[in-house]
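Inspection log for the structure reproduced underneath, given as structure tokens.
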Ligand SMILES: Cc1ncc(C[n+]2csc(CCOP(=O)(O)OP(=O)(O)O)c2C)c(N)n1
Ligand SMILES: Cc1ncc(C[n+]2csc(CCOP(=O)(O)OP(=O)(O)O)c2C)c(N)n1
Ligand SMILES: [Mg+2]
Ligand SMILES: [Mg+2]
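Structural data, given as structure tokens:
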């Protein structure tokens, strides 16, 4: 499905933004400014931008651990996300969460849970609430090919399919779970076959083609809003980096990365735009420049922001009980 | 597949034995002699007798919580099983386990774990051991339609299918999980569809027809021994009693029980025997009489056996540490 | 004289009245709707509110995960887990999801849910249906563990738990279900995090919850005959513990016996004892004794289960021992 | 002088030597084979024994269930769970399957397996990758929890754990992996269930395991300057606890400080304190203090994590407080 001109340009800009966002995160992670483990989504932009673009602010989005891109596109000011990764008090979660726990309920970013497979059952609840409250909000959960190994995936899909809950399972098949190829961890030729075991509409699609991602996500959203139940999307993609920023990824065969880089979601989208004459090289350069301003601001804000106060560690453990510090 | 005469007569006797065994267990549970909860397998004899008959003593059998029938047919002296249910020191597990935990490694009865879905992953290990040790022992695990809701079922099937482990998943679809019909807990029209999601050979069969059960189990056993991996058998059957001995089972629609009682596995087998002229009514009466002797002995033994000694509660907690009593 | 009803009925009534009062409250779990629960506790709810009572598959992680997500959307799930032992299969959802959700959302949302679980031994169901699970959960900040001992407490504490904005594990001891006691018909709350001094005394403090409270009272009568005056403190909420009330009592008596079901090592009695040794050591006149189950998996045979479980005479012996010190 | 190697290398060497010695030993877990483990601990095993090292899916319950079943068949699985926090998703397999298997089989078989798990805080990975899990497990008879503090202990205790016939949870603190120490090349066992008196002293006993041992030693040096003599006891096995060694030490010093990572309430320090208050109350001269993490989920920001974790100066303060009592 060909997108309208404005929309394709918009999601192209989204992808440029999150690509650049991650490149900067990688830099500041490698130079030690960003603490902890960082999982980069470079190479997976079309899947993140496409799914988020097909959803509303009021829909519930559950990013995975490789989710900075989706997180930024949910609508939180990139500044606040960057500051969170930098462990600053100005971060959207006050620096208490970091890369794996960036959430912002005001834009429907429900956050990730460091235990793989946990959000896959949590999303049952947000979807259930839509039915209970009789509104048409949809829940979309991102999970990786490796995470599909967790028992919670079964409990979730079984319940969602039985109760026809409005959930979109966005299975990001980026080929690997850390060092383990998906064909070594799962029996199916295509992982979407798993969803068919629940008689749930399941599709393997090109996760690097933003138009295909949006087309299938919109169809899934429509089914969900109509009360027809969940959909499984197996988004074929690839993470250019290793599992975490700094992982040499020695387990990847020669040339695999290069082959996937030819299928760069940004290149694919750019080619469509130029082919259709919807923008000139200069227009796209302009887009890139606009993005640079946002990124520069975000980095500056993150660098200049203060660290949290010690007392910030103690708040919101209980709704009604204060925790004493030292 | 028609069984050989001797074999059909043998499994018919097996079914009569476990039917009578359960009837007595029910009686002694209802009169308070047998403590704890009792889940009776009356109505499911063909599935239990058929699967066990198709396996060897050296194969690993994991009965479910409704497993007395399979447990007895694994080869443990019925006396010792009955004494275990009666909480006597002469029980096969010294009265420490009871109905839900009768096991006997000497005949390949690996026992049940009171947590539904647990044996479904434990059987991965016995099957793995066969591969590791390069022998051809098969592992067969019984699970109910309700138990299929547990996440462990997914983790087990996913791993068994990926590694082609010699496992037979015997899914006893007796229609209900306590009060919940399987169609209310699962999305599939046929539960065997779930297994197809792992590209595992999956069959829905008549669990009350001993010949069909043996035919499909033997085929699954052969695949497993040849290293071709797991099989899922959805055995359609029905538990005549409620969930536990004493459950009024008010949740069952009028006439449902009666309809299934017409499909009594014993009647089906008996009809085949008589039709084929392989035995006379008198021969079958003789079989019933032989069984009565065994049952009577088992009850007598259980009743007359002593309770465990208090010190028996303390043994085998650790392999190398004594637990102190009071 | 006020109305007497059973512990089960008290819980059922609390659920009905809270469902009536607040339409964000709903129940879910295995067989809780049409059948009214494996133990009959949710009887009558589904017929009154068919859209607010849900029978689920055997999927405990999904039940709790759904409850967490629904909480974030402002609903108040009351999930039943049948036997508390089954918390083990959805343990992650309790300790890493529900318990940490409010912290993760910086207070903007949290897991305002109740998990009802049937706890303890006594019905000859052996080692997978007899667990006391509080020790698994008491090192996890964010959780609340409530443990009623009487029908009156069962109703008032459940109402408070449903209205509370933290994830509450509500322990229902299976041996208490049929016990009867006075329970007001109108809806009322018993505050969480507050222990109750059940009987005042001067010589020794006995801390006892759930079924142990009755045993402690039996023991106290026996001890009174021997001229020993026991003060009995019922924690009601096991976690977070009401330190102040326990400290006040032990500061007065100078002696403590903890009567607790479940293995001794790392039972909740360990925390009670350690807390006192840290806070009011100077008031302690004698060793702090713990009367508990024997540290083994629960065996099936009645004679063995009765041997493994604690009993009143063990409490009597322990109190006499600390008095004799 | 003997050879010095890192804590990680010591574990890796123990695995290699036990695999060499006993062909029933195999390893399994996520990325443990071809990649040699997320933390590089199983390096070189798969290349040497491709049929005895298995990369699994993200299926922790299957990993432990398989280990239980394989144990019953006489094999000795060594499973890696990466972060100990993930024990939560397979908790049932540990507490209801592995821990109870020997009891269930009346001693005819049991879960002779080792579960390696990376524990503790310090690497800025927040509340789902920093847990101290021993409190979840210490109320469960049948389990063993081993907690090495040095490369020497890591090797000797892992060898003993693999040879032990109980299910052993082997805790590897992430902050210890790069620490170096003397480790014999030949294979050796350090007995389980035995604590080690690291430093003799007369005034106060400090119980400290894993990373806390180093902090306790730093604190002890500081305290020595102030004329306070500390005896440091390293439990090595957290469960079952070596009561005798701790009792002997505290009976001598009369004072106890427990230095433990993880929330205070129901941390393992609670059991140490309660056990002493029960067994040798008469020897205690001062309150038993617990130096622990603050009772909150672990926050991400370095300043916050450092604030939440215990440190040597807190141990110094606690010791001075009990001495001043
Ligand atoms: C329950 C659990 N097990 C293991 C991990 C460790 N872990 C984090 S990410 C990861 C790999 C996930 O692979 P996949 O789902 O394919 O996502 P990808 O990293 O490829 O984006 C693992 C094993 C975890 N966080 N939680
Ligand atoms: C993890 C877990 N959840 C719930 C239970 C309680 N329970 C025991 S049997 C049962 C129903 C099982 O139904 P099914 O698997 O169909 O077997 P059936 O009783 O029909 O033979 C339930 C819910 C349990 N033992 N373990
Ligand atoms: Mg992946
Ligand atoms: Mg059933």
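Residue numbers (my numbering), protein chains in the order written: chain A, 1334 to 1659; chain B, 1334 to 1659; chain C, 9 to 333; chain D, 9 to 333. Even glycine gets a Cβ: it sits at the ideal position worked out from N, Cα and C. Remember, it's a predicted structure, so these values are computed and weren't measured experimentally.
Cβ of residue i within 9 Å of any chain D Cβ
| i | result |
| --- | --- |
| residue 1475 of chain B | no |
| residue 1451 of chain B | yes |
| residue 285 of chain C | yes |
Proximity of residue i and residue j at Cβ, strictly below 9 Å
| i | j | result |
| --- | --- | --- |
| residue 135 of chain D | residue 27 of chain D | no |
| residue 123 of chain D | residue 100 of chain C | no |
| residue 1486 of chain A | residue 1550 of chain A | no |
| residue 300 of chain D | residue 318 of chain D | yes |
| residue 1453 of chain B | residue 1438 of chain B | no |
| residue 204 of chain C | residue 127 of chain C | no |
| residue 327 of chain D | residue 214 of chain D | yes |
| residue 309 of chain D | residue 132 of chain D | yes |
| residue 80 of chain C | residue 1569 of chain A | no |
| residue 1465 of chain A | residue 65 of chain C | no |
| residue 246 of chain D | residue 142 of chain D | yes |
| residue 148 of chain D | residue 184 of chain D | no |
| residue 1505 of chain B | residue 1457 of chain B | no |
| residue 1500 of chain A | residue 1409 of chain A | no |
| residue 1599 of chain B | residue 1360 of chain B | no |
| residue 182 of chain C | residue 94 of chain C | no |
| residue 1407 of chain A | residue 1421 of chain A | no |
CB-CB length for residue i against residue j, believed under 8 Å
| i | j | result |
| --- | --- | --- |
| residue 35 of chain D | residue 50 of chain D | 6 Å |
| residue 1413 of chain B | residue 1424 of chain B | 6 Å |
| residue 1604 of chain B | residue 1471 of chain B | Not confirmed; about 31 Å, so no contact. |
| residue 177 of chain C | residue 151 of chain C | 6 Å |
Proximity test, residue i beta-carbon vs ligand 4 heavy atom, cut-off 8 Å
| i | result |
| --- | --- |
| residue 1508 of chain B | yes |
| residue 164 of chain C | no |
| residue 1675 of chain B | Summary: the structure shown does not reach residue 1675 of chain B, with chain B confined to residues 1334 through 1659, and so no result is reported for it. |
| residue 1585 of chain B | no |
Near ligand 1: residue i beta-carbon under 8 Å from a heavy atom
| i | result |
| --- | --- |
| residue 1401 of chain A | no |
| residue 35 of chain C | no |
| residue 1576 of chain A | yes |
Distance cut-off 8 Å: residue i Cβ against heavy atoms of ligand 3
| i | result |
| --- | --- |
| residue 1537 of chain A | no |
| residue 1479 of chain A | yes |
| residue 312 of chain D | no |
| residue 1505 of chain A | yes |
Test: residue i CB closer than 9 Å to a CB of chain B
| i | result |
| --- | --- |
| residue 42 of chain C | yes |
| residue 16 of chain C | no |
| residue 67 of chain C | yes |
| residue 1520 of chain A | yes |
Any C-beta of chain C under 9 Å from that of residue i
| i | result |
| --- | --- |
| residue 1425 of chain B | no |
| residue 1637 of chain B | no |
| residue 181 of chain D | no |
Contact test: residue i Cβ vs ligand 2 heavy atom, cutoff 8 Å
| i | result |
| --- | --- |
| residue 1521 of chain B | no |
| residue 102 of chain C | no |
| residue 1568 of chain B | no |
Closer than 9 Å to chain A by CB, residue i
| i | result |
| --- | --- |
| residue 1481 of chain B | yes |
| residue 1531 of chain B | yes |
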